[in-house]
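Comments concern the structure below.
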Amino acid sequence: MKKFPKHFTWGTATASYQIEGAWLEGGKGLSIWDAFAHTPGKIKNGDTGDVACDHFHRFREDVARMADMGLRAYRFSIAWPRIQPTGRGKPNPEGIQFYSDLIDELLAHDITPWVTLYHWDLPLSLQLELDGWLNPKMAELFRDYAAICFDAFGDRVKHWMTFNEPWVVAILGYGQGLFAPGRVSNAEPYRVGHQILRAHALAAEVYRRKFQPVQNGQIGIANNCDWREPLTDSATDRAAAQRALEFFFGWFADPIMVGDYPDTMRARVADRLPHFTEQEKEALTQSVDFLGLNHYTTLYASDSRGKPVSGMPYGNGGISEDQDVQLSADPNWPKTTLGWAIVPWGLRKLLHWIDARYGHPPIVITENGCACDDRLEDGQVHDTGRIQFLTDYLSEAHRAIDEGVDLRGYFLWSFMDNFEWALGFSKRFGIHYTDYATQKRIPKDSARWYSQVVRQNGV
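Right, here's the structure in full:
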């Protein structure tokens, strides 16, 4: 038995657009994902999040399932268009009520809410009227939205994340066009990332100044990163792996932890990478109480100068031509149904990299999990592959703690099967099987296994 520290946080995670449904109910405005999913050809099988898992109507049942598992924490996101249908102005009382009821239900079952303010579902009005995250005005609008949430829920919510995976918003949303709003550019991602970082800093500042002294909560951000292992021990491949990590995690963590973008990005992206004012740098460097990490896979990195670079949009840590990095996988590595390599030691190495680069910060794994080919057989789902995946990744997380990393929590992605963005309902990440025809949730073997992990505080 690998025991975790006494106050280690165990939870599961979801996101509003992926589970809530009720896309035209409760006073909610449209989001960019509502528009994107309704655009022909954007989502596999023409799926949408209109209904998704119908969590909007079934949240009490879902929380009861969490309680049955003994979960201690639940990470969910607030849909900005539920709170402010057009992204600005007075809050929508029905939206406030929904999340307030959800939070109360969690607390009634001794489950700690961890709230993400932005998990990609931008109010559509802000995209149409302001060009979304390309506009510097977005930082102030996000701050105002965040303040509404702090004011309405901060008496009960003590763990906040401003953004989920800004890299995905920037690269997949504005670089490669795979995600909403579906734009393609080699310059816009850097401008978008810049405005998101400014928005994070302003939201954190208002929390620190106005709410934290009274509410005594914590604020962080959830960045995604895969490990990059040098393909060979050559100096050029080691440098390529380091560059890849700096363009992936460092892009959004360096400004927050040290006040500016990595030097490698500044040198390579040049005039496409915006600059922070001294005031913005100062606001950024005092803006988190913990670093969230969403981690799923590992790839080899090698220097690609003078060689053609494969696309791998879901795997690459940025715009490949800016990095001169070639990514590859060991053919012997097992893969998930998304084609992501299963490399547990990559998590431990990444945790050490973050620990060393940023001076031993508190880290929370805010997402980790895998898509499996889950089949319902006689009312059961025997997802032994997922249990093995989670066992191995948690074992490496435990080893990182033993080796001195300040890892404080783990959120399994996901509580239930849900809308997997551009892949629609074709991939299943949940530890509960969702029958989308009936909305019945069926615990998989992994749900029972994870329940034991939580109760025993160990693997």
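In my numbering, the protein residues as written are 54 to 512.
Every residue, glycine too, gets a C-beta built ideally from N, C-alpha and C.
- Taking one beta carbon from each stretch, the stretch 244-252 and the stretch 203-211 have fewer than 3 pairs nearer than 8 Å; the two do not touch.
- Looking at the DSSP output, residue 128 bridges to 66, 167.
- The beta-carbon distance between residue 174 and residue 134, rounded to whole angstroms, is 7 Å. This is short enough to meet the 8 Å contact definition.
- For residue 403, the enclosing alpha helix (DSSP H) has its first and last residue at 397-410.
- Among the bridge pairs identified by DSSP, residue 309 is matched with none.
- A straight-line Cα-Cα distance of about 11 Å links residue 62 and residue 416.
- At a Cβ-Cβ threshold of 7 Å, residue 168 and residue 210 count as neighbours.
- Cβ neighbours of residue 138 within its own chain (closer than 6 Å, five residues either side excluded): 82, 145.
- Residue 253 is positioned such that its CB atom lies closer than 7 Å to that of residue 215.
- Positions of the alpha helix (DSSP H) runs, each at least 4 residues long and wholly inside the stretch 86-155, are given as 108-122, 133-136 in order along the chain.
- Distance check between residue 103 and each of 113, 207, 440, 90 places 90 closest, using alpha-carbon atoms only.
- Residue 391 sits in coil when the DSSP states are folded into three classes, being neither helix nor strand.
- A straight-line Cα-Cα distance of about 30 Å links residue 391 and residue 315.
- Cβ-Cβ separation between residue 347 and residue 420: approximately 4 Å, consistent with a contact (criterion under 8 Å).
- DSSP places residue 420 within a strand segment (E or B) once states are collapsed to three.
- Cβ neighbours of residue 327 within its own chain (closer than 8 Å, five residues either side excluded): 243, 244, 247.
- Counting only runs that start and end inside the stretch 272-334, the alpha helix (DSSP H) elements of at least 4 residues fall at 288-298, 304-311, 316-322.
- About 6 Å separates the beta carbon of residue 127 from that of residue 166, a gap short enough to meet the 8 Å contact definition.
- For residue 277, the number of other beta carbons within 10 angstroms of its own is at least 16, and it is reported as buried.
- Per DSSP, the continuous beta strand (DSSP E) segment holding residue 345 begins and ends at 343-347.
- The beta carbons of residue 497 and residue 434 sit closer together than 7 Å.
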